[in-house]
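There are 2 protein chains.
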Amino acid sequence: MISSKPVRGTRDILPDEMKIRDHLEQKILEIYRIHGFSRIETPAMENLELLLGSEGGENLKMLFTILKRGEKLELKQDASVLDLCDMGLRFDLTLPLSRFYSNNQEVLESPFKAIQIGNVFRAERPQKGRYRSFKQCDIDIIGDATINAEIELMDTTAKALLAIGLKGFTIKVNHRKLLSAIIQRSGFAPETVGSICICLDKMDKIGVDGVTRELLDKNHDDKAVECLMTCVTDISLENLEQWVEDTEAVDNLTQVINTIKSLAKDNFKVVFDSTLIRGMGYYTGLIFEVSYGPYGSSVAGGGRYDNMIGKYNKVSVPAVGFSIGFERIINILMEEQNDSIEKEKSAILFYDPKTDNFGEVIVRGDVWREKGYIINLMVMKKKFGKQIAACNNGHHQGFMVFGRDEEIKFF
Amino acid sequence: MISSKPVRGTRDILPDEMKIRDHLEQKILEIYRIHGFSRIETPAMENLELLLGSEGGENLKMLFTILKRGEKLELKQDASVLDLCDMGLRFDLTLPLSRFYSNNQEVLESPFKAIQIGNVFRAERPQKGRYRSFKQCDIDIIGDATINAEIELMDTTAKALLAIGLKGFTIKVNHRKLLSAIIQRSGFAPETVGSICICLDKMDKIGVDGVTRELLDKNHDDKAVECLMTCVTDISLENLEQWVEDTEAVDNLTQVINTIKSLAKDNFKVVFDSTLIRGMGYYTGLIFEVSYGPYGSSVAGGGRYDNMIGKYNKVSVPAVGFSIGFERIINILMEEQNDSIEKEKSAILFYDPKTDNFGEVIVRGDVWREKGYIINLMVMKKKFGKQIAACNNGHHQGFMVFGRDEEIKFF
Numbered sequence: 175m176i177s178s179k180p181v182r183g184t185r186d187i188l189p190d191e192m193k194i195r196d197h198l199e200q201k202i203l204e205i206y207r208i209h210g211f212s213r214i215e216t217p218a219m220e221n222l223e224l225l226l227g228s229e230g231g232e233n234l235k236m237l238f239t240i241l242k243r244g245e246k247l248e249l250k251q252d253a254s255v256l257d258l259c260d261m262g263l264r265f266d267l268t269l270p271l272s273r274f275y276s277n278n279q280e281v282l283e284s285p286f287k288a289i290q291i292g293n294v295f296r297a298e299r300p301q302k303g304r305y306r307s308f309k310q311c312d313i314d315i316i317g318d319a320t321i322n323a324e325i326e327l328m329d330t331t332a333k334a335l336l337a338i339g340l341k342g343f344t345i346k347v348n349h350r351k352l353l354s355a356i357i358q359r360s361g362f363a364p365e366t367v368g369s370i371c372i373c374l375d376k377m378d379k380i381g382v383d384g385v386t387r388e389l390l391d392k393n394h395d396d397k398a399v400e401c402l403m404t405c406v407t408d409i410s411l412e413n414l415e416q417w418v419e420d421t422e423a424v425d426n427l428t429q430v431i432n433t434i435k436s437l438a439k440d441n442f443k444v445v446f447d448s449t450l451i452r453g454m455g456y457y458t459g460l461i462f463e464v465s466y467g468p469y470g471s472s473v474a475g476g477g478r479y480d481n482m483i484g485k486y487n488k489v490s491v492p493a494v495g496f497s498i499g500f501e502r503i504i505n506i507l508m509e510e511q512n513d514s515i516e517k518e519k520s521a522i523l524f525y526d527p528k529t530d531n532f533g534e535v536i537v538r539g540d541v542w543r544e545k546g547y548i549i550n551l552m553v554m555k556k557k558f559g560k561q562i563a564a565c566n567n568g569h570h571q572g573f574m575v576f577g578r579d580e581e582i583k584f585f
Numbered sequence: 175m176i177s178s179k180p181v182r183g184t185r186d187i188l189p190d191e192m193k194i195r196d197h198l199e200q201k202i203l204e205i206y207r208i209h210g211f212s213r214i215e216t217p218a219m220e221n222l223e224l225l226l227g228s229e230g231g232e233n234l235k236m237l238f239t240i241l242k243r244g245e246k247l248e249l250k251q252d253a254s255v256l257d258l259c260d261m262g263l264r265f266d267l268t269l270p271l272s273r274f275y276s277n278n279q280e281v282l283e284s285p286f287k288a289i290q291i292g293n294v295f296r297a298e299r300p301q302k303g304r305y306r307s308f309k310q311c312d313i314d315i316i317g318d319a320t321i322n323a324e325i326e327l328m329d330t331t332a333k334a335l336l337a338i339g340l341k342g343f344t345i346k347v348n349h350r351k352l353l354s355a356i357i358q359r360s361g362f363a364p365e366t367v368g369s370i371c372i373c374l375d376k377m378d379k380i381g382v383d384g385v386t387r388e389l390l391d392k393n394h395d396d397k398a399v400e401c402l403m404t405c406v407t408d409i410s411l412e413n414l415e416q417w418v419e420d421t422e423a424v425d426n427l428t429q430v431i432n433t434i435k436s437l438a439k440d441n442f443k444v445v446f447d448s449t450l451i452r453g454m455g456y457y458t459g460l461i462f463e464v465s466y467g468p469y470g471s472s473v474a475g476g477g478r479y480d481n482m483i484g485k486y487n488k489v490s491v492p493a494v495g496f497s498i499g500f501e502r503i504i505n506i507l508m509e510e511q512n513d514s515i516e517k518e519k520s521a522i523l524f525y526d527p528k529t530d531n532f533g534e535v536i537v538r539g540d541v542w543r544e545k546g547y548i549i550n551l552m553v554m555k556k557k558f559g560k561q562i563a564a565c566n567n568g569h570h571q572g573f574m575v576f577g578r579d580e581e582i583k584f585f
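Protein chains in written order, with the numbering used here: chain R, 175 to 585; chain F, 175 to 585.
This is the structure in structure tokens:
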């Protein structure tokens with residue numbers, strides 16, 4: 175007998191969860207759409223060269239690649255993945271969008287405001303709550319170099335999160351250039367910025383002491399480490415200009431945070447977070463992340479990636495994106511037993527296959543479907559009382575017996 | 175510069191088409207749901223052994239397989255696909271559903287009425303209108319051995335097709351056992367049934383003469399060929415019993431067709447088609463297909479597959495499925511310029527980034543969003559008259575200028 179388990183690191187989604195997922199996805203899509211974003215779709219697979227040529231960071235180590243077909247493969251012991259495979263599954267929706275924009279630019283509005291909702295694939299080590307196939311809900315604005323694009327993305331994403339019942343989240347904002355400036359100003363060499371960022375990214379988990387220890391262990395200069403740690407501890411939106419000279423980055427950061435603050439009212443928070451990193455190598459400007467709950471888990475993230483589209487296009491095009499991690503949201507809302515979903519009108523129409531004409535049973539069901547009910551046809555069992563009791567499981571509001579009941583008997 | 179084309183045999187979906195797709199998908203889902211079906215989801219990839227062990231027929235030659243990860247591969251020249259790969263992309267939704275049912279049986283209702291909407295992948299030779307990644311909308315009833323399951327699937331699928339604006343289609347019905355009986359009764363050996371079926375499947379394209387020639391070319395007995403051709407030409411629902419002895423199959427076929435006929439009224443046709451084959455090896459009973467339009471192209475298909483779930487399960491479970499080929503439907507409806515989609519209320523709110531406070535612009539947009547409008551914020555260009563003219567492109571009903579217009583100016 176063949177195993178009936180789904181592939182390692184993935185899972186089957188059951189009807190109850192699926193109903194919630196569909197409902198939330200539609201809500202998010204609706205908020206995106208009334209803000210003037212348009213949905214597009216790209217294939218789940220992309221050419222392997224495109225994926226490998228991206229600045230996908232850690233995600234490139236987690237690619238699912240697809241074996242070449244049709245030709246007889248030269249299977250030498252030193253064959254590379256490009257010898258064996260020609261395609262891979264997408265690891266995010268940003269890279270495919272950049273390709274899409276270049277491929278279809280002439281028929282798209284400018285600026286182009288895209289919605290993408292779809293699954294992405296990463297061969298991560300399986301662990302609780304992390305899947306190898308998971309859904310993202312992205313909005314991106316392509317062709318707007320001003321911070322109004324960032325503001326619109328944050329405003330729209332925040333509204334979508336509020337609409338699905340997530341309250342009291344925090345949007346953390348940082349600027350790639352700020353972080354790089356701070357690190358260098360502390361006395362680190364420019365070529366170490368990347369590895370310092372990887373250490374700083376652990377601040378949430380191991381704190382200032384842990385990061386300090388790690389930097390010293392790596393033989394970085396004591397003074398530089400001390401200076402950097404003082405900076406990331408003391409820096410705030412108010413004293414930013416003391417620490418960094420890039421006034422444009424400072425102005426942009428300040429203006430975005432203040433505008434979103436004015437829109438947020440008491441529904442959510444916006445803060446400057448000098449240690450926010452975001453893994454992807456392709457970000458060039460403002461970066462942001464939504465954290466939620468007591469453990470501050472990240473439920474959405476994004477940033478500006480002005481140089482990516484230039485890889486497929488004659489001219490470089492400015493772009494910003496914000497992605498909601500759908501699986502995290504679902505986990506949170508299912509744990510919180512969210513009841514933002516209205517109970518549906520749903521009833522069972524029982525029939526006896528021996529005596530009832532099934533065509534007539536269907537027509538009888540349709541009468542109630544036209545009244546807005548979900549009608550589920552079911553064969554009456556011998557122990558009918560027991561059967562009815564079992565059907566009172568929260569999925570149906572009541573039942574009828576064909577040829578006997580004119581109205582629904584509610585549980 | 176890296177190519178911006180999607181992978182061979184796939185395509186990007188643009189905003190206008192996407193809007194129609196989303197609308198139709200929701201309509202189909204709604205019809206499925208009010209008939210008591212519940213949506214589930216399985217991963218796009220399945221274990222390769224499961225896919226290869228299925229009776230997927232021709233589809234097994236078109237598998238996309240995924241390279242093993244993490245381990246150093248033994249690349250010998252005679253390595254098989256199972257040496258190199260551990261997973262593959264699903265080629266249909268029926269096989270994953272069978273696995274899903276076995277994996278989750280104890281928490282599912284019985285009979286279980288499933289909805290699946292998702293993409294499947296086949297490495298077909300690219301040709302117009304055929305894609306390597308395409309969407310299917312399936313409903314299946316698992317655990318009902320009676321023909322009421324077939325009737326319910328046909329009724330629900332027909333209603334879904336009618337709801338999205340497809341009228342005048344034909345449901346063709348046949349029974350696997352009938353076809354096998356007819357072929358053997360004509361004088362062919364049992365072991366040739368499969369290859370005879372492949373020839374008969376071409377009836378639509380090459381006609382009776384073509385099929386006859388092909389069978390004779392393959393050195394089949396003249397008399398048997400003549401007898402078979404007379405049979406498939408003369409056979410009808412009325413004289414079925416003259417040709418086949420399996421009275422249960424005949425009864426089932428007759429009863430399903432008559433019941434659906436009574437439900438169809440003049441909206442669509444139901445016919446018996448003795449040459450309907452359906453490629454999949456796993457069908458065991460009634461098989462059906464929806465054809466539409468002057469070329470009779472197939473837009474949906476399905477059948478009973480009572481033995482499949484037994485492969486993953488201790489006990490065999492009866493099952494029937496009906497799958498709508500979403501891409502075909504979209505092609506047809508886009509060619510027919512279907513206007514079943516209501517025009518949305520949509521307007522542009524122009525602003526001047528130099529003088530207007532962007533936060534206030536957003537709040538102004540929200541006022542109209544609450545009235546049910548899609549509001550798209552846009553920067554005013556210098557040549558505003560020209561810009562407005564370009565925006566009158568059918569996507570927006572009108573516009574407002576921030577700080578100037580209180581009401582929408584309709585185009």
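C-beta atoms are modelled at their ideal positions from N, C-alpha and C, and glycine is treated no differently.
Just so we're clear, the structure is a prediction, and the values are computed from it rather than from any experiment.
In whole angstroms, give me the CA-to-CA distance for Gly453 (chain R) and Glu280 (chain R). 32 Å
Give the single residue among R:Val181, R:Arg182 and R:His209 whose Cα lies nearest to the Cα of Lys519 (chain F). R:His209
Of the choices F:Asp260, F:Gly230 and F:Lys250, whose alpha-carbon is the least far from that of Gly244 (chain F)? F:Asp260
Can at least three beta-carbon pairs, one atom from the stretch 253-267 of chain F and one from the stretch 208-224 of chain F, be found at a separation below 8 Å? yes
Going by other Cβ atoms of all chains shown within 10 Å of its Cβ, with 16 needed for buried, is Leu402 (chain F) buried or exposed? buried
Contacts of Ser436 (chain F) in chain R (Cβ-Cβ under 7 Å): Gly533
By the three-class DSSP mapping on this structure, what secondary structure does Gln429 (chain F) have? helix
Bridge partner(s) assigned by DSSP for Gly495 (chain R): R:Asp314 and R:Gly477
For Val445 (chain R), which option in R:Ile549, R:Thr428, R:Val181 and R:Ala337 has the closest C-alpha, if you only look at C-alpha atoms? R:Thr428
Residues from the stretch 288-304 of chain F in contact with chain R, defined by Cβ distance under 9 Å: Ala288, Ile289, Asn293, Phe295 and Ala297
So which of R:Ser177, R:Lys179 and R:Asp190 has the shortest CA-CA distance to Gly568 (chain R)? R:Asp190
Strand pairing of Cys401 (chain R), partner residues [DSSP]: Answer is none; Cys401 (chain R) lacks a bridge partner.
Distance between Thr366 (chain R) and Asp395 (chain R) (C-alpha atoms, nearest Å): 12 Å
Can you tell me whether Arg213 (chain R) is helix, strand or coil according to DSSP? strand
DSSP-derived helix/strand/coil call for Lys309 (chain R): strand
Can we say the stretch 277-291 of chain F touches the stretch 194-210 of chain R, given the rule of at least three CB pairs closer than 8 Å? no
Whole runs of the beta strand (DSSP E) within the stretch 179-235 of chain R, excluding any shorter than 3 residues: 219-221
Neighbour list for Glu326 (chain R) in chain F, Cβ cutoff strictly below 9 Å: Phe532, Ile536 and Leu551
With Ser471 (chain F) and Glu463 (chain F) assumed to form a contact (beta carbons below 8 Å), what rounded beta-carbon distance in angstroms separates them? Not quite, the Cβ-Cβ distance comes to about 10 Å (not below 8 Å), so this is no contact.
Looking only at C-alpha atoms, which of R:Arg359, R:Ile582 and R:Arg578 sits nearest to Asn550 (chain R)? R:Ile582
Thinking just about the alpha-carbon of each residue, which of R:Asn426, R:Lys333 and R:Arg578 is nearest to the one in Lys439 (chain R)? R:Lys333
Residue-level contact to chain F via CB, Lys179 (chain R), 8 Å cutoff: yes
Less than 8 Å between the beta carbons of Ile522 (chain F) and Cys565 (chain F), yes or no? yes
Going along chain R, which residues have a C-beta under 9 Å from His575 (chain F)? According to the sequence shown, residue 575 (chain F) is Val rather than His. Simply none; closest approach about 16 Å.
Excluding five sequence neighbours on each side, which residues of the same chain lie with their C-beta closer than 6 Å to the C-beta of Asn426 (chain F)? Ile321
Measure from the C-beta of Gln571 (chain F) to each C-beta in chain R and report whether the shortest distance is under 8 Å. no
What does a CB cutoff of less than 8 Å around Arg273 (chain R) pick up in its chain, not counting 5 residues either side in sequence? Thr216, Glu220, Leu224 and Tyr486
At 3 residues or longer, and completely inside the stretch 340-417 of chain F: list those beta strand (DSSP E) runs for me, N to C. 344-349
Have a look at F:Gln561, F:Phe585, F:Ser178 and F:Ile451 and flag the residue whose alpha-carbon is nearest the alpha-carbon of Ala348 (chain F). Before going on, a small fix: residue 348 (chain F) reads as Asn here, not Ala. Per the Cα distances, F:Ile451.
Please tell me whether Lys485 (chain F) has its Cβ less than 8 Å away from any Cβ of chain A. Here the protein chains are R and F, and chain A is not one of them.
Given this structure, state the Cα-to-Cα distance separating Lys242 (chain F) from Val489 (chain R), to the nearest angstrom. 38 Å
For Ser212 (chain F), return the contacting residues in chain R, with the cut-off set at a CB-CB distance below 8 Å. Pro189, Met192 and Lys193
Opposite Ile549 (chain F) in the DSSP bridges: which residues? F:Ala521
Is Asn293 (chain F) helix, strand or coil when you go by DSSP? strand
Does the Cβ-Cβ distance between Gln200 (chain F) and Phe500 (chain F) come in under 8 Å? no
Residue burial classification, Val382 (chain F) (beta-carbon count within 10 angstroms, cutoff 16): exposed
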